[in-house]
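Trainee: Numbers in the numbering used here are just positions in the sequence shown, counted from 1, shifted up by 901.
After the structure tokens below, expect a handful of questions from me.
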Amino acid sequence: MKATVNIIGSGFSSLAAACYLAKAGYQVTVFEKNKTIGGRARQLQTHGFTFDIGPTWYWMPDVFERFFSDFNKKPSDYYTLEKLNPAYSVYFGKDDFITIEDTLEKILIAFEKEEPGSSKKLKTFINQAKNNYDIAIKDLVYNPGVSPLELVTPATIRKINQFFSTIKKDVRKAFKNERLVKILEFPVLFLGAKPSDTPSFYSFMNYADFGLGTFHPKKGMYQVILAIENLATSLGVNIKTESPVDSIIVNNNKAVGLESNGSTYFSDVVVSGADYHHTETLLDKSLRQYTESYWQKKTFAPSSLLFYVGFNKKLKNVNHHTLFFDVDFDVHAEAIYDNPKWPENPLFYASFPSITDPNAAPEGKEAGIFLIPLAPGLKDTPQLRSTYFNKIIKRFEELTSQNVQNDVIFKESFCINDFIKDYNSYKGNAYGMANTLLQTAFLRPKLKSKKVDSLFFTGQLTVPGPGVPPALISGKLVADLVTKHNKLLV
């Protein structure tokens, strides 16, 4: 009889873990509280429009390839990728933007045009970033965060100074043009912390951006979720939707199952890809590894105010991904990390997938996703959401020289209260725990419970950290730990 695993949640990390564990010989059941799978990567379909609710950027394609290759598959077996050109554009003022195209050669030309001499500096910077990327992907991120010695390799020893400097220092040392600085500091925002708090080593995100490029899966990021679901079910994984987990059953300090919808589901192992903090509330207080004060002291990545908007016409002067950096980043960052409050003048990001993908909107119309990063834990009301939509849509019209408000067919919003309601997210955070120096690798919450045997965790609050590629890696790491600790069961 096969050993059994119950997995809480069906986001990227949970589904990845399910695949690896099923391949290893376990009988796996996934419990998802919502009607559809995907966690934060769910999909919204309304009025003939299709939106990715969560992740919209497909970066680090090699991580996806490595995941599928572990099952003798390729991403192309499940979905079609298109490399975006341009990858994105960044607005700094009215009709004033820089376009980031699809190759480093083109980006070097754009930098040189902006600041003579900067292309040479950029080439050096990206070469360093590529070297960091190779070390990170080969030596570091596939480690389970069990020991500080995981960080000690000949390659990382040579880079030790980069763990004690910051992205902000490095970028501003090499580049003086403020617009180019903002573009180079942008990718580390995916790691959930300010550039001034992110170790220099994480410049590998700049290589992911400029070196590898930005892709779009046809029909959206949700196709990746469906691909992994397809893989999981082919391996025998059972997925139960509308199945919220009410408690983790513990017997003699060992996780032995779950309670869901009034029923008991026993298993040899429990893995949670749900919010780490929430998962521990499913245990008696004495069995929790981390106290409330522990979580309160941690630096969390932002939450977000998101709008999903259907426009009754095609928009102009925007790209598939468009960033609006026309206001002071440091002031907005302070409102997220230092003095949490609603920002007076927020930066925002917009995605128009229908520019690339006709599946996203009816013909002649445009699908728009707008995102404002926010501090987690803020008060969230319909009035505030409406106020901030008006703020950014007016700026959007001004910056891109077009009128769009009268062409809004509908808009739906998603914010802190929704992250809490739909994902049990701690303080409504959107991206998990930030990758600062003191929250990296072995310093993040552990994959394996130290108080409850056979209880494991995966996802953005543990290793390697926030983002879709790290979530896939986290699923693999936890599956490896499960099999290592339960060899006799399979």
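The beta carbon of each residue, even a glycine, is placed where N, CA and C say it ideally should be.
All figures in this text were calculated on a predicted structure; none of them were measured in a lab.
Identify, in the order they occur along the chain, each residue of the same chain with its Cβ nearer than 8 Å to the Cβ of LEU1389, setting aside the five sequence neighbours on each side.
Mentor: Note that LEU1389 scores 48 on pLDDT, short of 50, meaning its location in the model is unreliable; the coordinates nonetheless yield the value given after this. Nothing listed; no residue qualifies.
Trainee: For a test of the three-state rule: what should DSSP assign to SER1135, helix, strand or coil?
Mentor: Residue state, collapsed to three classes: helix.
Trainee: Less than 6 Å between C-beta atoms, sequence neighbours within five positions excluded: which residues of the same chain meet that for SER1255?
Mentor: Hits under 6 Å: ALA1261, ALA1262, GLU1267, ALA1268.
Trainee: Identify the residues that DSSP records as bridge partners of LEU945: which are they?
Mentor: Beta-bridge pairing links LEU945 to PHE952.
Trainee: For VAL1125, write down the residues that DSSP places opposite it in a beta bridge.
Mentor: DSSP, once it has assigned bridges, lists no residue as partnering VAL1125.
Trainee: If we count the other Cβ atoms within 10 Å of its Cβ and call it buried at 16 or more, is GLY910 buried or exposed?
Mentor: GLY910 is buried by the Cβ-count criterion.
Trainee: Counting C-beta neighbours from all protein chains within 10 Å, is the total for MET1122 16 or more, i.e. buried, or is it exposed?
Mentor: Buried, since its Cβ has 16 or more Cβ neighbours within 10 Å.
Trainee: Between PRO1370, HIS1386, LYS1385, ASN1387, which lies nearest to ALA917 when the distance is taken from Cα to Cα?
Mentor: For the residues PRO1370, HIS1386, LYS1385, ASN1387, the minimum Cα distance to ALA917 belongs to PRO1370.
Trainee: Between which residues of its own chain and PRO1088 is the CB-CB distance below 8 Å, once the five residues before and five after are set aside?
Mentor: Contacts found: MET1106, ASN1107, ALA1109, ASP1110.
Trainee: What does DSSP give as the partner residues of GLY1211 in its beta bridges?
Mentor: DSSP lists ALA1268, PHE1311 as partners of GLY1211.
Trainee: Less than 8 Å between the CB atoms is what I'm expecting for PHE1201 and LYS1328, so what's the real figure, rounded?
Mentor: That pair is a contact at about 7 Å.
Trainee: Give me the Cβ distance between LEU1310 and GLY1211, rounded to the nearest whole Å; I'm assuming they're in contact under 8 Å.
Mentor: The question names Leu, but residue 1310 in the sequence shown is Ile. Confirmed, Cβ separation roughly 4 Å.
Trainee: Using the beta-carbon count (16 or more within 10 Å), is PHE1167 buried or exposed?
Mentor: That one is exposed.
Trainee: With distance defined between alpha-carbon atoms, name the residue in ASN1307, GLU1193, ASP1258, TRP1243 nearest to LEU1285.
Mentor: The option with the nearest alpha carbon to LEU1285 is TRP1243.
Trainee: Considering HIS1117, what are the terminal residues of the beta strand (DSSP E) in which it resides?
Mentor: It spans 1116–1118 - the beta strand (DSSP E) in which HIS1117 sits, taken as one unbroken run.
Trainee: From TYR1103 to ALA1276, what distance separates their C-alpha atoms?
Mentor: Each residue's Cα considered, the two are about 22 Å apart.
Trainee: Less than 8 Å between the C-beta atoms of TYR1043 and ALA1380, yes or no?
Mentor: Result no, Cβ atoms of TYR1043 and ALA1380 do not sit closer than 8 Å.
Trainee: From ASP1231 to ALA942, what distance separates their C-alpha atoms?
Mentor: Straight-line Cα distance between these residues: approximately 29 Å.
Trainee: Assuming the contact rule is C-beta atoms closer than 8 Å, PRO1247 and ILE1270 should be a hit. Round their C-beta distance to whole Å, please.
Mentor: Not quite, the Cβ-Cβ distance comes to about 15 Å (not below 8 Å), so this is no contact.
Trainee: Check the DSSP bridge columns for LEU1356 and list the partner residues they point to.
Mentor: In the DSSP output, where bridge partners are listed per residue, LEU1356 has VAL1171.
Trainee: So is THR1359 buried or exposed if we call it buried at 16+ other beta carbons inside 10 Å?
Mentor: Classification for THR1359: buried.
Trainee: State buried or exposed for LYS1322, treating a residue as buried only when at least 16 other CB atoms are found within 10 Å of its CB.
Mentor: Label assigned to LYS1322: exposed.
Trainee: Between which residues of its own chain and VAL1228 is the CB-CB distance below 8 Å, once the five residues before and five after are set aside?
Mentor: Closer than 8 Å at the Cβ level, and outside the excluded window around VAL1228, lie ASN1246, PRO1247, LEU1248.
Trainee: Tell me the DSSP secondary structure of GLU983 in three-state form.
Mentor: Correct three-state label for GLU983: strand.
Trainee: Taking the alpha-carbon of LYS1214 as reference, which of VAL1125, GLN1306, ILE1150, THR1182 has the nearest alpha-carbon?
Mentor: Comparing Cα-Cα distances from LYS1214 to each of VAL1125, GLN1306, ILE1150, THR1182, the minimum goes to GLN1306.
Trainee: Pull up the DSSP beta-bridge partners for HIS1222, would you.
Mentor: HIS1222 is bridged to SER1252.
Trainee: Drop a sphere of 10 angstroms on the beta-carbon of ALA1387, count the other beta-carbons inside from all chains shown, and report buried for 16 or more, exposed for fewer.
Mentor: Before going further, note that residue 1387 is Asn rather than Ala in the sequence given. ASN1387 is buried by the Cβ-count criterion.
Trainee: Go ahead and pull the three-state DSSP assignment for PHE1297.
Mentor: Looking at PHE1297 - three-state DSSP - the assignment turns out to be helix.
Trainee: By alpha-carbon positions, which one of ASN1139, PHE950, PRO1259, THR1192 ends up nearest to ILE908?
Mentor: Nearest of ASN1139, PHE950, PRO1259, THR1192 to ILE908, Cα basis: ASN1139.
Trainee: Rounded to whole angstroms, what's the CA-CA distance from ASP1169 to THR1257? Just pull it up for me.
Mentor: Rounded to the nearest angstrom, the two C-alpha atoms are 46 Å apart.
Trainee: Suppose you measure from the CA of PRO956 to the CA of VAL1364; what does that come to, to the nearest Å?
Mentor: Looking at the two C-alpha atoms, the distance is approximately 19 Å.
Trainee: Is DSSP giving LYS1217 helix, strand or coil here?
Mentor: LYS1217 falls in the coil class under three-state DSSP.
Trainee: Going along the chain, which residues of its own chain have a beta-carbon closer than 8 Å to the beta-carbon of ASN1062, five neighbours each way excluded?
Mentor: Closer than 8 Å at the Cβ level, and outside the excluded window around ASN1062, lie SER1101.
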